[in-house]
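Numbering that gives the first Met the number 0 puts the first residue of the sequence shown at 0, with every later residue one more than the last.
Just so you know, even glycine gets a beta-carbon here, dropped at the ideal spot from N, CA and C.
First the structure, in the form of structure tokens, and then the observations on it.
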Amino acid sequence: MNRKHFLSFMAMAGATLPALQSFGSSGFLDPAVTSEDPITASDPLAGSKIPDYLKAGDTIGITCPAGFITMAEILPSVQLMESWGFRVKIGKTVDRRDFTFGGSDQERMLDLQNMLDDPELKAIMCARGGYGAVRIIDLLNFDRFVEHPKWIIGFSDVTVLHCHLSRKYGIASIHSKMCNSFPSDWTLADPVQVETILSIRQALSGNQLKYTAPPVSFNRPGKAEGVLAGGNLSIIETLAGSKSDLKTDGKILFLEDTGEYLYRIDRMFWNLKRTGKLDQLQGLIIGGFKVKPDDPGEEFGRTVYEIVQEKIKEYNYPVCFDFPVGHQKNNFALKCGVKHTFEVNGNGSSLTSLY
0 MNRKHFLSFM
10 AMAGATLPAL
20 QSFGSSGFLD
30 PAVTSEDPIT
40 ASDPLAGSKI
50 PDYLKAGDTI
60 GITCPAGFIT
70 MAEILPSVQL
80 MESWGFRVKI
90 GKTVDRRDFT
100 FGGSDQERML
110 DLQNMLDDPE
120 LKAIMCARGG
130 YGAVRIIDLL
140 NFDRFVEHPK
150 WIIGFSDVTV
160 LHCHLSRKYG
170 IASIHSKMCN
180 SFPSDWTLAD
190 PVQVETILSI
200 RQALSGNQLK
210 YTAPPVSFNR
220 PGKAEGVLAG
230 GNLSIIETLA
240 GSKSDLKTDG
250 KILFLEDTGE
260 YLYRIDRMFW
270 NLKRTGKLDQ
280 LQGLIIGGFK
290 VKPDDPGEEF
300 GRTVYEIVQE
310 KIKEYNYPVC
320 FDFPVGHQKN
330 NFALKCGVKH
340 TFEVNGNGSS
350 LTSLY
């Protein structure tokens with residue numbers, strides 16, 4: 000990163016941060032519920048066991064449980080997190096490559112295991128997604144981590160870790176952008192890019208988060224309260240029946256995906272329905288879905304909205320579409336395993352963390 004550009008951004012962020020806490024219909028934070036003081040999470044109604052929120056001087060580890068990334072590519076994220084007052088510890092898999100992976104399965108497992116066990120770390124940010132977490136998940140030992148949990152941060156392939164923590168240990172985690180999403184030149188970053196990155200800081204610091212989305216004609220109105228769970232649809236589908244299978248009863252489920260044909264999205268939603276994952280929800284949030292164009296002559300003939308509506312028509316919980324989460328610019332940090340309120344009405348939808 001150009002040092003001049005980085006320092007310019009830091010000055011801009013510091014000067015504008017209070018104003019940037021109100022995001023309106025783009026899915027941004029609501030100033031009415033954002034505080035400077037971390038939220039206490041001793042109440043059992045919080046849902047999962049919530050790791051300690053971070054304070055200045057705490058350390059965040061960076062590792063590659065899936066795809067590879069270079070040291071140069073993570074530098075913008077390191078510099079920004081250090082400017083937030085955190086220390087950063089870079090894992091051995093950064094700059095390591097085994098074809099598409101950030102090192103061999105053994106190397107990636109050991110790097111993540113060391114961070115799970117490291118008492119110095121308060122959070123672990125996965126450097127990028129790709130593919131690979133499922134290859135090492137059953138090799139990891141979470142005994143020390145369960146005794147002293149820390150925030151695991153990421154999305155896409157990191158959905159494997161979110162689901163595993165939820166199913167096996169009931170420990171909260173953060174679904175958000177990763178190191179590869181931090182712009183190398185902040186002077187070229189638009190406000191949404193800036194705010195999605197700053198939302199990671201808000202989540203790690205224990206601020207209450209509220210996100211909103213504009214109304215969509217396919218939305219189903221209603222109010223709900225429940226623990227938030229979810230992530231990448233294709234990952235959740237492939238975990239069905241495994242030790243990491245996500246349990247959704249009584250939860251607010253959020254879903255996103257990218258690069259899938261419509262017929263595959265339809266098949267994955269049938270999987271959710273047939274495995275009972277849609278039966279007992281408190282609410283359903285549909286984030287970004289980047290659809291791969293149909294092959295000529297193989298048109299599916301249904302939109303994502305219609306695919307979802309078909310699978311949930313017998314249920315009564317609130318549903319919203321086009322929420323700011325997914326493989327897209329407006330991908331904001333969400334606290335998985337934390338209790339939220341969810342409301343859908345004629346003005347749009349809102350999701351608010353309670354802890």
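Problem - Proximal residues to Val93 (C-beta, below 8 Å), its chain only, five neighbours per side dropped - result: Ile61, Thr62, Cys63, Ile68, Thr69, Met70, Ile73, Gly101, Ala126
Handout entry: Beta-bridge pairing of Arg219 - partner residues as DSSP gives them
Key = Val318
Practice task
Note down, one range per segment and in chain order, each beta strand (DSSP E) of at least 3 residues found wholly within the segment 132-161.
Solution key: 150-153
Practice task
Return helix, strand or coil for Asn330, following the three-state DSSP convention.
Solution key: coil
Practice task
Indicate, with yes or no, if the ligand SAM has a heavy atom lying under 8 Å from the CB of Leu227.
Solution key: As for the ligand SAM, it is missing from this structure, which has no ligand bound.
Practice task
Under 6 Å Cβ to Cβ from Gly153, same chain only, skipping five residues before and after it: list those, please.
Solution key: Cys125, Met177
Problem - Anticipated Cβ contact below 8 Å, His326 with Gly287, distance rounded - result: 6 Å
Problem - Inter-residue spacing [alpha-carbon to alpha-carbon] between Thr257 and Tyr210 - result: 21 Å
Problem - Option nearest His147 by Cα separation, candidates Tyr130, Arg166, Asp117 - result: Nearest option by C-alpha distance: Asp117.
Practice task
Determine the closest residue to Glu255 out of Val191, Asn330, Pro182, Glu342, with distance taken between C-alpha atoms.
Solution key: Asn330
Problem - Residue span of the beta strand (DSSP E) that contains Ser172, given as start and end - result: Annotation: the continuous beta strand (DSSP E) that includes Ser172 extends over 172-174.
Problem - Pair within 9 Å by beta-carbon distance, Gly249 and Gly225 - result: yes
Practice task
May I ask you to report which of helix, strand or coil DSSP gives Asp293?
Solution key: coil
Practice task
Report the rounded CA-to-CA distance for Asp189 versus Ile196, giving the unit in angstroms.
Solution key: 11 Å
Handout entry: Burial state of Gln105 (16 or more Cβ within 10 Å)
Key = Burial check for Gln105: the Cβ neighbour count within 10 Å stays below 16, so the residue is exposed.
Exercise for the section: Within 10 angstroms of the Cβ of Leu358, are there 16 or more other Cβ atoms? Answer buried if so, exposed if not. Expected result: Only positions 0 to 354 of the chain appear in the structure, and residue 358 is not among them; the question remains open.
Handout entry: DSSP state of Leu252 mapped onto helix, strand, coil
Key = In the displayed model, Leu252 falls within a strand according to three-state DSSP.
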